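Colleague: Supplied in structure tokens, the structure appears directly below.
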Amino acid sequence: MTEAYIYDYVKTPRGRGKANGSLHEVTPIDLLTQILKALKDRSEFDPALVEEIITGVVAPVAEQGSVIPRFAGIQAGYGHSVPGVQLNRFCSSGLVAVNYAAARVMSGMSDLVIGSGVEAMSRVPMGSDGGAWAVDPQTSSEIGFAPQGVGADLMGNLYGFSREDCDAFAIQSQQRAKAAWDKGYFEKSLVAIKDKLGMTVLDHDEHMRPEATLEALGGLKPSFADYGAFGFDSIALQRYPHIEKVTHIHHAGNASGIVDGSAGMLIGTREMGETLGLKPRAKIVAFADIGSEPVVMLDGPGRSAQKALKRAGMTTSDIDLWEINEAFAAVSLRFMQELDLDSSNVNVNGGAIAMGHPLGATGIMILGTALEELERTGKSTALASLCVGGGMATATIIERV
Amino acid sequence: MTEIIKFELDQDGVALLTMDLPGKSMNIISAQLLDELESMVTRIAEDDAIKGAVIASGKVGSFVAGADLDMLLSWTDKLEDGTPEDLFNAAFRMNDLLRKMETCGKPIAAAINGLALGGGLEICLACHYRVVADNPKITLGFPEVMVGLLPGAGGTQRLPRLMGVQAALPFLLQGKNMNPKNALANNVVHEVAPLEEIIDKAKAWITGGGKAVQPWDVKRFKVPGGQGAFNPGIAQTFMGAQAMVQKETKGNYPAAVAILSCVYEGHQLPMDTAIRIESKYFATLLMGDVAPNMIRTLFVNKQAAEKGIRRPKDVPAMKTKKLGMLGAGMMGAGIAFVSAMAGIEVVLLDREQEFADKGKAYSEGLLAKRVKRKKMTQEKADGILALITPTTDYADLKGCDLIIEAVLEDVAVKADVTAKVEAVVGTDCIYASNTSTLPITELAKASRDENQFIGIHFFSPVDKMPLVEIIMGDKTNDLALAKALDYVKQIRKTPIVVNDSRGFYTSRCFSTYVMEALNMIAEGITPALIENSGSFAGMAVGPLAVGDEVSLELSYHVGQATKKALGDAYVVQPADGVVEKLYLELGRKGKKNGKGLYDYPEGGEKHLWPGLAEHFPAAENQPTSEEVTKRLLYRQAIEVIRCFEEGVFQAPEDADIGAIFGWGFAPWTGGPLSMVDTIGVKKFAAECDRLAQAYGAGFAVPKMLRDKAEKGENFYS
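From first to last, the protein sequence lines are chains A and B.
Using my numbering, the first residue of the first sequence is number 1, and each one after it goes up by one.
Using my numbering, the first residue of the second sequence is number 402, and each one after it goes up by one.
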């Protein structure tokens, strides 16, 4: 099997995913275009050598619809010859884009591929693409649907995490993210977003709340209690009847932020790197996707990690650094509990609770964060994982070379 | 065959179709009615002399009450030697006919003089114009969901297209009714007019040039309030509706989801396709077990019980005129209220005037609420209240033709009361006891005429609970039974007739629900799993919550009394230990003292008592919820079969009605015996053998069940 290497990683800053967010004025195709341009310009390769641009988008409709990478690629100067494909596995779409890019390389079918992701959540709101699961009565009654937050709350209940545990984790995320930004850990990959005139629109993550305190978080109202009372708690209990009731523990402060952003990675063979004069930064060792129970839906990351580790012939002790997407605090807490991890090497530079979760791009961002942290600390291996709606999860293992 | 629909053509060329089902007080939709309507629709379409038609009812106060449920049940027989397609064709017949009617090219109007339910309302909605009489008591609605069905003749399609998807859902999912005013506001009718004018108004619409086109057959028609899966509001509506449905049904009632699907899929389609989708879902419900079981028990048999199927035929009507109500406690006060509401004069007697007055005040309170909510005039309320005479004087009972006793549950006290009453009332007066625990035959011994002594057992709260359990003592005669049944009919409740035995029928079987749950507590099954499983089973309330409601104290005392009465025959079960521990050792009486299986924090929500885990540690291996559900339902069903075997009741119908309306047995099953038949008697018996092996003698298969299993017989023939 051919080995797949990461040659570069870039990301936009994350803008608040609301009308008052700095990136709200920027179209999703512009975000992706600036990312693709940055990849091309930083490595100075002949863009015609790229054989595929894979882009994760979770709401691939309206201005994020119609195979956005096809047109972003042309706008970014890749020419007409470079095709694009858009994929969706909800929250892990970005990571899956990288994995599938690597898979093309590993299979010998491609030498140079871009894995990318974009989500302008302020412009194309979550859920804009509809779907049968939540809406079609036949599907939802057979499979069981509850909003993710209810699943996350349920997960906290099932695995013994309280509201206080979640809030404490959230504060840690904020503090770690702030420290990482202050020390410039994210600068290497950051692509400041510019407007038509070349003026900077945003050059930092604007969702962070480093000043947040446990006390302040304690005052926030659980976001999903009303949904639960409406009937979704009952759906949860029908699947998990050994708990008396769902206690709602997540709120805006201990769940991932809604933001706009994009990211990309350049993946290729060793030979292609040599031809282009690029130094491989890490090898993609293994990856895995799994399916899990759809109502609680978010408890898959541990299993996806185990599956990837098994494929790589590794155990948890072979991993130096972990990234678990902070979709909800309970997801990260459960991941650490399930794999028996020490929080000192998990999400060391914060995560989506502090910086936000631009759905289609996040997977690349957490893998990239791990890559940069390995490089900074001289460590070797990292595993990144995300929980996925509908009861799925994805994990990827990289090793620095 | 006598015709149902009368056809008259007036000089303006407007046909008047008057539905008048011979020999019945209300029109119901039958195959014959549909045949006649079909040939008339053809005639209206083809005859150039006919300009249009008005559909009306020949019945006083009602248009059409719905479809003939027996007809629907007979369709399911088609499946035995036919295919689902045959069932679809049967189900699609009326849908197709109404579609033909609304596209026949001639304007058709409905003149709605009274209630129009189910198929009756569907006929109206397929008319191009609807005029309803201005009587606010007229109800228009789709009650199908209550018997496990959906409105299957276009109701799920036309209602949302008239009033909007979100607005229509409650009427389809909950069987909510609307009156003429709501109907007009919701676009469901076009005009409200005085009763005597509705036919003229309908005709005037036709002669005035009314168009023979439904809104949904006009190009670019849009469902009010939005339509289609692309509409975020629609997506939200269905997401929310599903959650609500699951909360309410726990997946036990397929009709609710089928209705949602009819609306979701159907409102996105042209009408011709949409009604086919609707009929397909309708057929799936008839092919399932829930709808036929619900129709049989909740509708057909319940109605038969109310009409007096158990009443001795040769006894003349024995209306109660003056009731002597002994004891003005909670039960007595409630019985006095429902009796006065039925126009019966009530003498409400208690030991102290204060108690008797308090009993009457209960009625006063309930009546005041009705007046406040404008459900009743003050004058009427005053009239009802005046029927109740609170007293301490037995002499006031003179002239009573029925006595109901609800005094202390003590044989001696009751005997004393009986003697005092009989000293005053005439020999033709029937004497009933509302006891829930003492054998009627035993109490009857205190009477001068044991033949005229009967049990009339009410459920609490009396004004809300629909069931009355009539208990025949060993010597009770037909006269007493007829009197009791006529009385129950007067107060508009549903009677079942059972024979005398410990706990009679309902209390005895019901207690197994709670006791089996407590057995599980003793085994270390987690309380939440037990409680949730009870609600998933479709029981009205979780078994532990019910245990607290009836109180652990009472359970303990009933257990002690049973033990004493049965002696060596008493089978000790683990639940006994749980009751003793909680009540005797820990003083947890139940809801009454704020601590039982639950804690009842002041101002807070009740929650399972965490201490249960300490006293009854969780077993390492917990069963599945399905297994717990099965234990809870099957244990009750076994007790019902034992009652049948012992002759506690005579007919499966009584058992199923009593279970659902008396103690909230899962209505989706059609009752415990319907449930056993549906599972398959043989399979049920085999499963009980396994359960008996695993969990004890409570599940031991009674001989009657074993015999039926071997012979391949059902409980319902």
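We treat Cβ as the ideally placed atom computed from N, Cα and C, and that holds for glycine.
Given the structure is predicted, the values throughout are model-derived calculations rather than measurements.
Please report the distance separating the alpha-carbon of B:Gly1004 from that of B:Asp618.
Modeller: Spanning the two alpha carbons is a distance of roughly 56 Å.
Colleague: Which stretch, first to last residue, makes up the beta strand (DSSP E) that contains B:Gln558?
Modeller: First-last for B:Gln558: 556-564, but that is the alpha helix (DSSP H), not the beta strand (DSSP E).
Colleague: Count the other CB atoms, across all protein chains shown, that sit within 10 Å of the CB of B:Tyr971; report buried if there are 16 or more and exposed otherwise.
Modeller: Counting Cβ neighbours within 10 Å, B:Tyr971 comes out exposed, since fewer than 16 surround it.
Colleague: If you follow the alpha helix (DSSP H) that B:Glu1006 is part of, which residue opens it and which one closes it?
Modeller: That residue, B:Glu1006, is in no alpha helix (DSSP H); it is neither H nor E in DSSP.
Colleague: If I measure Cβ to Cβ from A:Leu341 and keep anything under 8 Å in the same chain, skipping five residues before and after, which residues do I get?
Modeller: If we look at A:Leu341 and ignore the five residues flanking it on each side, its Cβ neighbours are Thr316, Trp322, Phe335.
Colleague: Between B:Glu954 and B:Tyr984, which are expected to be in contact by the criterion C-beta below 8 Å, what is the C-beta distance as a whole number of angstroms?
Modeller: B:Glu954 to B:Tyr984, Cβ: 6 Å. Contact.
Colleague: Would you list the residues sitting across from B:Asn578 in a DSSP beta bridge?
Modeller: According to DSSP, B:Asn578 bridges with B:Gly542.
Colleague: For B:Asp673, count the other beta carbons within 10 Å of its own beta carbon; 16 or more makes it buried, fewer makes it exposed. Which is it?
Modeller: By the 10 Å Cβ count, B:Asp673 comes out exposed.
Colleague: Please list the terminal residues of the continuous alpha helix (DSSP H) segment that includes B:Ile678.
Modeller: Unbroken alpha helix (DSSP H) run through B:Ile678: 672-688.
Colleague: Of the choices B:Val465, B:Ala511, B:Phe493, B:Tyr914, whose alpha-carbon is the least far from that of B:Gly453?
Modeller: B:Gly453 has its Cα closest to that of B:Ala511, out of B:Val465, B:Ala511, B:Phe493, B:Tyr914.
Colleague: Going by beta carbon distance, what residues of the same chain come within less than 7 Å of B:Asp1090, once the five residues before and after it are set aside?
Modeller: Excluding positions up to five away in sequence, the list reads Val1102.
Colleague: What's the gap between the Cα of B:Met742 and the Cα of B:Ala734?
Modeller: Near 12 Å, if we compare the C-alpha coordinates of B:Ala734 and B:Met742.
Colleague: Tell me the DSSP secondary structure of B:Met640 in three-state form.
Modeller: In this structure, B:Met640 counts as helix in the three-state DSSP scheme.
Colleague: For A:Ile235, decide whether its Cβ has a neighbour in chain B, counting only Cβ atoms nearer than 8 Å.
Modeller: It does: the Cβ of A:Ile235 has a partner Cβ on chain B nearer than 8 Å.
Colleague: If contacts are defined as beta-carbon pairs under 8 Å, then B:Val825 and B:Glu806 qualify, I think. What distance do you get, rounded to the angstrom?
Modeller: At roughly 14 Å, the Cβ-Cβ gap does not stay under 8 Å, so B:Val825 and B:Glu806 are not in contact.
Colleague: Which of the three DSSP states is assigned to B:Leu422 in this structure?
Modeller: Here B:Leu422 sits in coil by DSSP.
Colleague: Would you report the Cα separation of B:Thr793 and B:Ile785, rounded to the nearest angstrom?
Modeller: Taking the straight line joining both Cα atoms gives about 21 Å.
Colleague: Closest to A:Tyr159 by CA distance: which of A:Glu187, A:Gly21, A:Ile243, A:Trp181 is it?
Modeller: Per the Cα distances, A:Ile243.
Colleague: Using 10 angstroms around the beta-carbon of B:Ser440, count the other beta-carbons present and answer buried if the total reaches 16, otherwise exposed.
Modeller: The residue is exposed, with fewer than 16 neighbouring Cβ atoms inside 10 Å.
Colleague: Taking Cβ positions, are A:Arg89 and A:Val295 nearer each other than 8 Å?
Modeller: Their beta carbons are not under 8 Å apart, which means A:Arg89 does not touch A:Val295 by this criterion.
Colleague: Alpha carbon to alpha carbon, how far is B:Ser936 from B:Cys830? Give it in angstroms, no decimals.
Modeller: Taking the straight line joining both Cα atoms gives about 44 Å.
Colleague: Kindly identify the DSSP beta-bridge partner or partners of B:His858.
Modeller: In DSSP, B:His858 forms a bridge with B:Glu870.
Colleague: Is there a Cβ of chain A sitting closer than 8 Å to that of B:Lys651, yes or no?
Modeller: Interface residue, yes.
Colleague: By DSSP, does A:Asp289 sit in helix, in strand, or in coil?
Modeller: Strand at A:Asp289.
Colleague: Does the ligand MG have a heavy atom nearer than 7 Å to the CB of A:Leu49?
Modeller: Looking for the ligand MG in the displayed structure turns up nothing, as the structure carries no ligands at all.
Colleague: Could you tell me which chain A residues have their CB closer than 7 Å to the CB of B:Ser1026, listed as they occur along the chain?
Modeller: The contacting residues are Pro241.
Colleague: Output needed for A:Gly4: all residues of its chain with C-beta closer than 6 Å, excluding positions within five of it in sequence on either side, in chain order.
Modeller: Note that residue 4 of chain A corresponds to Ala in the displayed sequence, not to Gly. Taken in chain order, the residues that qualify are Ala102, Val105, Met106, Ile267, Ile284.
Colleague: Is it the case that the Cβ atoms of B:Val546 and B:Ile660 are separated by a distance below 8 Å?
Modeller: For B:Val546 and B:Ile660, yes; Cβs fall inside 8 Å.
Colleague: Per DSSP, what kind of secondary structure is B:Ser1075 in: helix, strand or coil?
Modeller: It is helical.
Colleague: Let me confirm a value: A:Glu372 is counted as buried when at least 16 other C-beta atoms fall within 10 Å, else exposed. Which label applies?
Modeller: Buried, since its Cβ has 16 or more Cβ neighbours within 10 Å.
Colleague: Taking 8 Å as the cut-off, does the segment 111-119 of chain A touch the segment 295-307 of chain A (at least 3 CB pairs, one atom from each stretch)?
Modeller: Short answer: they don't touch.
Colleague: When you compare only the Cα positions, how much space is there between B:Ile429 and B:Tyr1035?
Modeller: Taking the straight line from one Cα to the other gives about 37 Å.
Colleague: Quick check: what's the CA-CA separation for B:Ala883 versus B:Lys1112?
Modeller: Those two C-alpha atoms are separated by around 36 Å.
Colleague: So, at 7 Å on beta carbons, what are the nonlocal neighbours of B:Met731 in its own chain, with the 5 sequence-adjacent residues on each side left out?
Modeller: Closer than 7 Å at the Cβ level, and outside the excluded window around B:Met731, lie Ser861.
Colleague: Is the segment 486-502 of chain B touching the segment 684-691 of chain B in the sense that three or more CB pairs, one from each, lie closer than 8 Å?
Modeller: Flag = yes, the segment 684-691 of chain B and the segment 486-502 of chain B touch.
Colleague: Identify whether A:Leu237 lies in helix, strand or coil by the three-state DSSP scheme.
Modeller: If DSSP states are grouped into helix, strand and coil, A:Leu237 belongs with the helices.
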